[in-house]
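Structure record follows, encoded as C-alpha cells.
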Amino acid sequence: MQLKLIQKPVEPEPLRTIESTIAERLENESFNWMKPIERNLYKVPDEQKHLSEEQLKELYSNGGVMNVYPFREDSEVDIPPPVNSFKQAFGNNPAIMAEIEKNGFEKPSPIQSQMWPILLCGKDCIGVSQTGSGKTLAFLLPAFLHIDAQLAQYEKNEKKPSPFVLVLSPTRELAQQIEGEVQKYSYNGYKSVCLYGGGSRSEQVQSCKGGVEIVIATPGRLTDLSNDGVISLASVTYVVLDEADRMLDMGFEAAIRRILFEIRPDRLVALTSATWPEGVRNLTDRYTKQAIMAVNGSLDLTSCKSVTQHFEFIPHENRFERVCEIVNFLNNAHGNSYKMIIFVKSKVMADHLSSEFCMKGINSQGLHGGRSQSDRELSLKMLRTGEVQILVATDLASRGIDVPDITHVLNYDFPMDIEEYVHRVGRTGRAGRKGESMSFMWWNDRSNFDGLISILEKSGQEVPEQLKRDAARYRQKCQDGRDGPRPSFRNRNNKESSFQSSY
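Counting in the working numbering, the sequence shown runs from 280 upward without gaps.
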C-alpha cells in the first residue's frame with residue numbers, strides 16, 4: 280500500500296497594512312537629506328491671547344456655529360483662537376493683504392477664521408463645512424506662507440527642491456478652479472501645475488520638469504505621472520485632500536494611500552469635506568497627527584439652511600411638461616437674473632433633456648462625463664458668463680463646480696441617496712446667498728423618505744405632512760416584510776396635494 284504524504288498547510292502571511300509598510304520604510308530609509316519643516320508661522324495677536332469663554336463663544340458663532348476640538352479625544356493639542364479679521368491672520372504679510380483688499384473681501388468666513396490660525400501654527404486641520412463656504416482659500420493662503428518659510432531655509436544659490444505643496448482634488452473641474460485661485464493671487468511668482476486626465480499630458484510633463492512650487496492634481500493623473508518618474512513627491516511638505524468625501528465616493532482611496540506613501544511622514548495635512556462619513560474619519564485617523572477639527576455647524580448630514588426646498592410628486596411621464604412650466608415661470612419672473620442646474624441620473628438622460636429643450640426653444644447646456652473636456656469647460660464658461668442660464672448635469676457637477684450665483688436647483692431624477700441630495704442642493708444658496716430647489720419624486724424614491732425628513736428637520740425646513748405619512752407607511756411595510764401599496768399622495772393638479780411649488 281502506497282502511503283500518501285500529507286503536507287501541513289502553510290498559514291498565509293498576515294496582510295500588510297499601509298501603516299506597517301510606512302513603519303518599515305522609516306526604519307530602513309533616512310530622511311536626513313531633507314531640511315526640517317518650518318511649521319509654526321503664526322503669532323497669536325495680543326488681543327486674542329486672553330479671551331474669555333464668552334468672547335470665544337461669540338467668535339465661534341460669528342456668521343455660523345463653529346465647533347473646534349481635537350480629532351482624537353485623548354489629544355492635548357493646543358487650539359489657537361479664531362481670527363475675526365484678515366489683519367489678525369496675515370497682517371505681517373503686505374502682499375497677501377493687498378490681494379485680499381483687491382478682491383474686495385470684507386471678513387473671513389467662519390471656516391477660514393478657524394482654519395487659518397490652525398494651519399499657520401503648523402497643525403493638521405480637518406475642515407468640515409458646506410460647499411461654497413470658503414474652504415479653498417482656507418487652505419490656500421496658509422500654503423503660500425508655508426512655501427515662503429521652507430524656501431527661507433535655502434541659501435540664494437542652493438538648489439531648491441520642488442514641489443512643496445500638493446492639493447489633491449476629485450475632479451478636473453475642481454482642480455482647474457483651485458489653480459485659477461492660485462493664479463489669481465500670483466503670490467511671489469510661485470508656479471503651479473494642474474494635473475488631470477483629459478488634459479495634454481505632454482504639456483503637464485513639461486510643466487513638472489520645469490519646476491513648480493504647487494501641484495494641483497486628480498489622484499489618477501498624479502499616480503500615472505509619479506509611476507513614470509515624471510514627478511517626485513519627496514519634497515512635499517504641505518498636503519491638501521480637498522473634497523475628501525467626494526474622492527472616496529469616486530473610488531480614489533487606494534490612489535490616495537499610494538500618493539501619501541510617497542510623501543515624507545512629517546508633512547502638514549489639511550483635509551476638507553462637506554460631509555463626515557466613516558471613510559473620511561478613517562482617512563483622518565490614519566494619515567494625520569494631532570489633527571484639529573473645525574466644523575461649521577454639525578457633523579450630521581444636513582442640507583444648506585439658505586436653500587428653500589420644494590418637492591413635487593409627479594409621474595415620470597409628466598416631468599418634462601412640468602419642467603418646461605417651471606422654466607417659463609422663471610423666465611417671466613426673473614428674466615436673465617436666474618441660473619439653474621437640472622440634475623439627471625444618466626448621460627443619456629442629460630443628452631435627451633438637452634435635445635428636448637432645444638426643440639422647445641429653451642437655451643441650455645449639458646454637462647456629463649461622456650462629453651469632451653473642451654465641451655465641458657465651454658458649458659461651464661457659458662453658465663458662468665450668463666450666455667446660458669440652464670445646465671443639465673449628471674452628478675459629476677454636484678460637487679466642486681464653482682458657480683457661486685446659481686439661484687435654483689432642480690432634481691429631475693431624485694438622487695440615489697440622501698448624501699447626494701445634499702451635495703446637489705448645495706450648488707445653490709452659497710456664500711451668503713439664498714437659493715431654491717425643486718425635487719421631482721415618485722414612489723420608487725420611497726427608500727429616501729425617512730432620510731429626507733431628517734435632512735429637512737435639521738435644516739429648519741417645513742416637512743410636508745404627506746411625506747411624513749408616506750414615510751411611516753413605507754417603514755411599516757418594510758417591518759412587515761412587504762413593500763406596500765402605492766403611496767397616498769396625489770398628482771400636483773389634485774387640490775388635495777400638499778406638495779405645491781412656490782416657483
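Where is the CB? At the ideal position from N, CA and C, for every residue including glycine.
Whole angstroms are fine: how far does the CA of residue j sit from the CA of residue i?
| i | j | result |
| --- | --- | --- |
| residue 662 | residue 410 | 18 Å |
| residue 500 | residue 506 | 10 Å |
| residue 384 | residue 391 | 12 Å |
| residue 332 | residue 360 | 11 Å |
| residue 620 | residue 315 | 47 Å |
| residue 388 | residue 418 | 13 Å |
| residue 755 | residue 745 | 15 Å |
| residue 624 | residue 353 | 44 Å |
| residue 305 | residue 572 | With a pLDDT of 46 at residue 305, under the threshold of 50, the modelled position of that residue is not reliable, and no figure is offered here. |
| residue 480 | residue 531 | 20 Å |
| residue 558 | residue 567 | 14 Å |
| residue 522 | residue 406 | 10 Å |
| residue 456 | residue 701 | 21 Å |
| residue 641 | residue 635 | 9 Å |
| residue 651 | residue 666 | 20 Å |
| residue 694 | residue 550 | 26 Å |
| residue 789 | residue 537 | The requested residue 789 does not occur in the structure, where the chain is confined to residues 280 to 782. |
| residue 412 | residue 430 | 31 Å |
| residue 751 | residue 720 | 17 Å |
| residue 484 | residue 504 | 8 Å |
| residue 336 | residue 511 | 44 Å |
| residue 460 | residue 584 | 27 Å |
| residue 716 | residue 441 | 45 Å |
| residue 718 | residue 576 | 24 Å |
| residue 726 | residue 403 | 38 Å |
| residue 309 | residue 363 | Any reading at residue 309 must be qualified, since the residue scores a pLDDT of 49, below 50, and its modelled position is unreliable; the value itself is stated next. Cα to Cα, the separation comes out at about 42 Å. |
| residue 554 | residue 578 | 7 Å |
The beta strand (DSSP E) that contains residue i, what's its start and end?
| i | result |
| --- | --- |
| residue 544 | First-last for residue 544: undefined, no H or E at that position. |
| residue 718 | 714–720 |
| residue 575 | 571–575 |
| residue 496 | 493–496 |
| residue 619 | 619–622 |
| residue 671 | 669–672 |
Which residue comes first and which comes last in the alpha helix (DSSP H) that contains residue i?
| i | result |
| --- | --- |
| residue 608 | 598–613 |
| residue 416 | 414–430 |
| residue 349 | No alpha helix (DSSP H) holds residue 349; the beta strand (DSSP E) holding it covers 345–349. |
| residue 378 | 373–381 |
| residue 406 | Unbroken run through residue 406 is the beta strand (DSSP E), 404–407; no alpha helix (DSSP H). |
| residue 735 | 728–737 |
| residue 394 | 389–399 |
| residue 740 | Neither: residue 740 is in no alpha helix (DSSP H) and is coded neither H nor E. |
| residue 578 | That residue, residue 578, is in no alpha helix (DSSP H); it is neither H nor E in DSSP. |
| residue 625 | First-last for residue 625: undefined, no H or E at that position. |
| residue 749 | 744–758 |
| residue 366 | 365–369 |
Mapping DSSP to helix, strand and coil, what is residue i?
| i | result |
| --- | --- |
| residue 467 | helix |
| residue 631 | helix |
| residue 687 | strand |
| residue 514 | coil |
| residue 558 | helix |
| residue 447 | strand |
| residue 455 | helix |
| residue 501 | helix |
| residue 646 | strand |
| residue 384 | coil |
| residue 330 | coil |
| residue 567 | coil |
| residue 320 | coil |
| residue 506 | helix |
| residue 528 | helix |
| residue 700 | helix |
| residue 339 | helix |
| residue 693 | coil |
| residue 484 | helix |
| residue 441 | coil |
| residue 284 | Below a pLDDT of 50, predicted positions are generally treated as unreliable, and residue 284, at 45, falls in that range; the measurement from the model is reported next regardless. Coil at residue 284, not helix or strand. |
| residue 709 | coil |
Could you pull the DSSP bridge partners for residue i from this structure?
| i | result |
| --- | --- |
| residue 272 | Because the chain in this structure spans residues 280 to 782, residue 272 falls outside the shown range and cannot be described. |
| residue 592 | 720 |
| residue 551 | 406 |
| residue 519 | 446 and 549 |
| residue 473 | 495 |
| residue 587 | 715 |
So is residue i in contact with chain D if we call contact Cβ pairs under 8 Å?
| i | result |
| --- | --- |
| residue 587 | Of the protein chains in the structure, only one exists, and it is not chain D. |
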